[in-house]
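Notes to accompany the following structure.
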Amino acid sequence: MEQMVTRVRALLHGGDYNPDQWLRYPEILERDAELMKEAGCNAMSIGIFAWATLEPEEGKYNFEWLDQVIDRLYAHGIYTVLATPSAARPAWLAEKYPEVLRVNSDNRRILFSERHNHCYSSPIYREKVRAINTALAERYAHHPAVILWHISNEYGGACYCDLCKENFRKWLKEKYGTLDELNHAWWSYFWSKNYTSWDQINPPMDNGEHSLHGLIIDWKRFVTDMTVDFMKEEIEPLKKVNPDLPVTTNMMGFYEGLNYFKFKDLCDVISWDNYPDWHKGDDAELAIDTAMTHDLMRSIKPGRPFLMMESCPSAVNWKDYAKVKRPGMHELSSLQAVARGSDSVQYFQWRKGRGGFEKFHGAVVGHIGSDETREFKQVAALGERMKGLSRLTGSPFLSKAAIICDTENRWALADMRGLIKDDKGYLKEIRKHYASLFREGVNVDLIDEESDFSSYDLLIVPMLYMLRAGVAEKLKAFTANGGRLVMTYWSGIVNETDLCYLGGFPGEGLDQLCGLQQEEIDTYYPEDQNSAAIANTDETAGFEARYAITDYQEVIHPTTAKVLASYESDYVEGMPAFTVNSYGKGKVYYIAASFEQDFYTALYQNLIRDLGLKSLDVSLPEGVYMSERLLSDNTICYILQNYNTEDKIITFPREMTCLESGEKFTSLALSAYGTAFLI
Ligand code: GLA
Ligand code: ZN
715 MEQMVTRVRA LLHGGDYNPD QWLRYPEILE RDAELMKEAG CNAMSIGIFA
765 WATLEPEEGK YNFEWLDQVI DRLYAHGIYT VLATPSAARP AWLAEKYPEV
815 LRVNSDNRRI LFSERHNHCY SSPIYREKVR AINTALAERY AHHPAVILWH
865 ISNEYGGACY CDLCKENFRK WLKEKYGTLD ELNHAWWSYF WSKNYTSWDQ
915 INPPMDNGEH SLHGLIIDWK RFVTDMTVDF MKEEIEPLKK VNPDLPVTTN
965 MMGFYEGLNY FKFKDLCDVI SWDNYPDWHK GDDAELAIDT AMTHDLMRSI
1015 KPGRPFLMME SCPSAVNWKD YAKVKRPGMH ELSSLQAVAR GSDSVQYFQW
1065 RKGRGGFEKF HGAVVGHIGS DETREFKQVA ALGERMKGLS RLTGSPFLSK
1115 AAIICDTENR WALADMRGLI KDDKGYLKEI RKHYASLFRE GVNVDLIDEE
1165 SDFSSYDLLI VPMLYMLRAG VAEKLKAFTA NGGRLVMTYW SGIVNETDLC
1215 YLGGFPGEGL DQLCGLQQEE IDTYYPEDQN SAAIANTDET AGFEARYAIT
1265 DYQEVIHPTT AKVLASYESD YVEGMPAFTV NSYGKGKVYY IAASFEQDFY
1315 TALYQNLIRD LGLKSLDVSL PEGVYMSERL LSDNTICYIL QNYNTEDKII
1365 TFPREMTCLE SGEKFTSLAL SAYGTAFLI
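Just so we're aligned: 859 in the numbering used here is position 145 of the sequence shown, and the numbers increase by one with no gaps anywhere.
Here is the structure:
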């Protein structure tokens, strides 16, 4: 990553480029390089789905076209992000070695088709990928134009072939050693599932086992491990030739098929593909969700810049409604990535193909082939603006507040029966905490249970149902050392194989940390409501008198915790709904019910003030958001964005300087959809 930054010295701007689809159109390939320059592009991702062109026959490589493309672009000042082509295989490969094709959970092997659907176990697939990756590395890993490896594309899904089943059993043997241990960990005694031979164990196929949650979670862990292992094997031959050329793989935000945090050591830089539904509802609300997704991705390597590897300059053709971006939204949404720590704005795709599934997907260049389109002009305008933002390149995004958003916990909550069946509300609960902090302009990380908590002042733990080994100790140490912890209902319920903690919730000693015992949780029907009255205490200064509650309420019994709010009706009337407990040098707030948004806002406004989490005390109008990136001379760059369709005035507590124009002011009229970079 560092090497890439020093070579390019600018934010990356460009996208997926598929010259392999255009080899019969040399004039178009020539024109592309000129248009890219005109659009202010400096990096293109090449070869992502080009295996059939790179290796038209087994072992016979054809690199001349790629040499020409990379060299032509480089001559125009454009770098290459070079892909390994494993995400889609050539027909000859599938024909000769059908075992590379995935078996779906219905136990049927697919035909040669589509993409992203190979077997991760297949030794022959791994061998063929290694061969092409070796050839690519030998030819390009030291090419001055190549700045980054783009490993495969959007890894995802699982294979249920016999080989994968065998590997799953091996993985289980390594994890548990004996069937006795496995049967206990999975509570296989339930419905007489006690396994007496490893061969009896199958993944959760469509016609198979779904009642043992330990099995399902282990299967998902195994799928992640297999994918990580596959990626490791993809990277090996590349690093062998040039260990300094960084690698990334493009992820998919909240995609739940993989635990992306397990890829952290493999990726030199995190990258992801961003496709929000702009203009569907309230864009100022959607901007909170997209910021949260950027933050989740960035937090895989906390503090470090990431790359937005794909986004759409206009209409996304696979959506239910292929809506085009309204004027101004392209710049606003692209710069949001930069605001949240991205060192790039990359697109899918550079040019619309003539045929195939994605021919109507937004692109910088349309079928008309001109630079006169609105799509092209807005990309070019952004490219021009990004040239003036190169000081941001490589600048960290540092947060003093973090929310635990754990993928394995998400899996576990999704499987468990209880609470609200279809959606337990995990991400909804996380979003409430996030939205309140985000609206205040406080940087936030979204980390997982295994991350290091020690650099944060505020740690938020919503619905941490699955509390894995060692995490309770980390939470205690965090609080004892002076941290503020916010924990919600339905935390500390099961261990890592989904076995309930015995002897009281929240388990593993979190009851002592929170100073209470949880007795039961009630799930509301959609029409049910309760409320809580806020007690008059120092902790609750600035809160309203009461807040509405929906979805869930717990019955809790404080031991050492102080009550800050109590239920106002139902059989829980008068019982605590919100408490605080002192622990070591820190404090733990426990939220026993699902409160309305304003409650979280009041809580976090207090905590932000107490902990001094704001480096610039500015009050932000509704729909105006602020992020901070730290420039290399330790100056903080404040990035303000206006998601409203009218201008908004922002008044600052000190004189601010515009990073781009050098202009100074203490008050700013930020235009509709405008972005300002201030120091
Ligand atoms: C994904 C893929 C791309 C392309 C886009 C279209 O992100 O990685 O290859 O299909 O979707 O939106
Ligand atoms: Zn398989």
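C-beta: ideal position from N, C-alpha, C; glycine also.
CB-CB length for residue i against residue j, believed under 8 angstroms
i	j	result
residue 814	residue 839	4 angstroms
residue 1117	residue 1162	Not confirmed; about 10 angstroms, so no contact.
residue 796	residue 747	Residue 796 to residue 747, Cβ: 17 angstroms. No contact.
residue 1023	residue 1051	With a Cβ gap of about 10 angstroms, residue 1023 and residue 1051 do not count as contacting.
residue 1006	residue 987	Incorrect: roughly 16 angstroms between the Cβ atoms, too far for contact.
residue 1127	residue 1140	5 angstroms
Residue range of the alpha helix (DSSP H) that includes residue i
i	result
residue 740	740-752
residue 951	927-955
residue 788	778-789
residue 1264	That residue, residue 1264, is in no alpha helix (DSSP H); its beta strand (DSSP E) goes 1260-1272.
residue 1230	Taken as a continuous stretch (DSSP letters only), residue 1230 belongs to no alpha helix (DSSP H), being part of the beta strand (DSSP E) at 1230-1237.
residue 1320	1311-1325
residue 862	Run containing residue 862: none in the alpha helix (DSSP H); it sits in the beta strand (DSSP E), 860-864.
residue 1150	1140-1153
residue 838	837-854
residue 894	893-900
Own chain residues within Cβ distance below 6 angstroms of residue i, not counting five before or after
i	result
residue 851	951, 952, 955
residue 1349	1393
residue 961	863, 865, 949, 982
residue 1305	1202, 1292
residue 844	951
residue 1155	1334, 1340
residue 1337	998, 1357, 1358
Alpha-carbon to alpha-carbon, residue j and residue i
i	j	result
residue 1078	residue 730	10 angstroms
residue 726	residue 875	40 angstroms
residue 885	residue 1016	30 angstroms
residue 734	residue 764	6 angstroms
residue 750	residue 1061	12 angstroms
residue 1026	residue 1040	12 angstroms
residue 935	residue 941	10 angstroms
residue 891	residue 883	11 angstroms
residue 972	residue 1153	29 angstroms
residue 1049	residue 1144	24 angstroms
residue 1247	residue 907	48 angstroms
residue 1076	residue 1261	44 angstroms
residue 1303	residue 793	50 angstroms
residue 1096	residue 1103	11 angstroms
Same chain, Cβ closer than 8 angstroms to residue i, neighbours up to 5 away in sequence not counted
i	result
residue 1101	724, 754
residue 1192	1167, 1168, 1170, 1173, 1199, 1300
Own chain, CB closer than 7 angstroms to residue i, minus 5 neighbours either side, in chain order
i	result
residue 995	none
residue 1264	1238, 1243, 1308
residue 1272	1229, 1230, 1290, 1293
residue 820	920
residue 1149	1002, 1311
residue 1011	965, 967, 984, 986, 1020
residue 856	956
residue 872	937
residue 978	1014, 1015
residue 1038	1028, 1029
Start and end residues, beta strand (DSSP E) containing residue i
i	result
residue 986	985-987
residue 1300	1300-1305
residue 1351	1350-1356
residue 1060	1058-1061
residue 1391	1389-1392
residue 1379	1378-1384
residue 1048	Residue 1048 -> not in any beta strand (DSSP E); alpha helix (DSSP H) instead, spanning 1043-1053.
residue 1297	1290-1297
residue 684	For the chain, the structure presents residues 715 to 1393; residue 684 sits outside this window and is missing.
residue 1118	1115-1118
residue 730	726-731
residue 1129	Not the beta strand (DSSP E): residue 1129 falls in the alpha helix (DSSP H), residues 1121-1129.
residue 794	793-797
Touch test, the segment 1348-1365 against the segment 1383-1391, Cβ-Cβ under 8 angstroms, three pairs minimum: Cβ pair count under 8 angstroms is three or more, so yes.
Contact between the segment 1277-1290 and the segment 1096-1116 (3+ Cβ pairs under 8 angstroms): As far as the Cβ criterion goes, the segment 1277-1290 does not touch the segment 1096-1116, which means the pair count is below three.
Sufficient close CB pairs (3 or more, under 8 angstroms) joining the segment 1207-1215 to the segment 1362-1371: They do not touch, by the three-pair rule.
Stretch-stretch touch, CB-based, cutoff 8 angstroms, three pairs: the segment 1313-1329 with the segment 1368-1375: Taking 8 angstroms as the limit for Cβ pairs, the verdict is that the segment 1368-1375 does not touch the segment 1313-1329.
The segment 1216-1224 contacting the segment 1113-1133, beta-carbon criterion three pairs below 8 angstroms: Taking a cut-off of 8 angstroms for Cβ pairs, the segment 1216-1224 and the segment 1113-1133 do not touch, as fewer than three such pairs fall below it.
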